[in-house]
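Here the structure is laid out as structure tokens; the discussion comes afterwards.
Chains as they are written, first to last, in the numbering used here: chain A, 1 to 116; chain B, 1 to 112.
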């Protein structure tokens with residue numbers, strides 16, 4: 001079990017640039033989640049996938065944000081035309097879906113984005 | 001918006017003391033989970049309590065759930081300096097099995 005892997009761990013970019021984060025979940029997990037966390041706050045839900053299907057997307061996610069999970073394996077989160085307000089830690093988590101909804105999330109170490 | 005609200009926002013205690021953190025939520029839930037986060041790191045699952053359970057133990061952790069008050073508490077007994085971290089409650093919706101909603105967290109500092 002290699003855990004959830006996120007890359008890059010840190011990204012500094014200028015306002016207006018595009019950035020992409022990658023998440024490699026635990027291999028047998030069929031669910032993958034993206035959360036955003038700012039300093040001193042709890043994680044805010046962005047979107048989640050079951051296998052390759054994107055099942056829910058937060059209203060917080062503007063049109064500048066897009067996520068994919070081709071073939072139900074790794075996932076990418078792209079932010080276009082970054083703004084300073086996008087500066088945050090982007091957390092990926094995976095889980096195995098259970099019919100009784102008790103699946104726990106396994107988080108990666110996060111990708112920290114700083115927009116100058 | 002955040003479903004859970006933790007109380008207190010910050011807690012500072014001495015090693016060996018017990019630490020209690022509270023979480024309130026607004027909607028009906030299937031289960032409530034507690035996670036821990038060390039500074040700058042990802043979150044780690046600690047314990048899950050189902051909506052039909054009232055209390056659960058795991059090592060030095062004790063979780064209670066009161067669905068009538070929509071609240072939960074996490075007790076860490078005999079705290080250690082290594083318990084210093086942020087603690088978050090997260091709720092799973094009653095029927096949909098979709099994503100967890102996290103609270104704002106409690107920052108716990110255990111002084112040696």
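Backbone N, C-alpha and C define an ideal beta-carbon position, used for all residues, glycine too.
Q.
Taking 6 Å as the limit between beta carbons, can you name the residues of its chain near residue 114 of chain B, skipping five residues before and five after?
A. Residue numbering for chain B in the displayed model covers 1 to 112; residue 114 of chain B lies beyond these limits and cannot be assessed.
Legend entry - Chain-order list of residues whose beta-carbon lies under 8 Å from that of residue 111 of chain B (same chain, five-residue window excluded): 12, 13, 14, 15, 81.
Legend entry - Residues within the stretch 69-103 of chain B neighbouring chain A, beta-carbon criterion of under 7 Å: Listed by position, the residues of the stretch 69-103 of chain B near chain A (Cβ gap below 7 Å) are 88, 92, 97, 98, 99, 100, 101, 102, 103.
**OP:** Spatial neighbours of residue 77 of chain B within its chain, please: CB distance less than 6 Å, with the 5 preceding and 5 following residues excluded, ordered by chain position.
**Re:** So the qualifying residues of the chain are 18, 60.
For residue 83 of chain A and residue 63 of chain A, the rounded distance between their alpha carbons: When only Cα atoms are considered, residue 63 of chain A and residue 83 of chain A end up about 13 Å apart.
request  = With a threshold of 16 other CB atoms inside 10 Å of the CB of residue 40 of chain B, please say whether the residue is buried or exposed.
outcome  = Residue 40 of chain B counts as exposed, since fewer than 16 other C-beta atoms from the protein chains shown sit within 10 angstroms of its C-beta.
- Please go through the same chain and pick out, in chain order, the residues whose beta-carbon is closer than 7 Å to the beta-carbon of residue 67 of chain B, but skip the five residues on each side of it. Counting only Cβ-Cβ distances below 7 Å, and skipping sequence neighbours, we find 51.
Check: Along chain B, which residues have their Cβ under 9 Å away from the Cβ of residue 107 of chain A?
Finding: Within chain B, the residues near residue 107 of chain A are 35, 37, 41, 42, 43, 44, 45.
### Message
Tell me the DSSP secondary structure of residue 71 of chain A in three-state form.
### Response
Three-state DSSP puts residue 71 of chain A in a helix.
Problem set entry | For residue 82 of chain B, the three-state DSSP class (helix, strand or coil) | Three-state DSSP puts residue 82 of chain B in a helix.
**Asked** Run through DSSP, which three-state label would residue 84 of chain A get?
**Response** Assignment of residue 84 of chain A by DSSP, reduced to helix, strand and coil, places it in the helix class.
So, are the CB atoms of residue 101 of chain A and residue 93 of chain A less than 8 Å apart? Going by C-beta atoms, residue 101 of chain A is not nearer than 8 Å to residue 93 of chain A.
Where residue 7 of chain B falls: helix, strand or coil (DSSP): Reduced to three states, the DSSP call for residue 7 of chain B is strand.
Item to complete: Would you list the residues sitting across from residue 58 of chain B in a DSSP beta bridge?
Response: B:61, per the DSSP bridge assignment.
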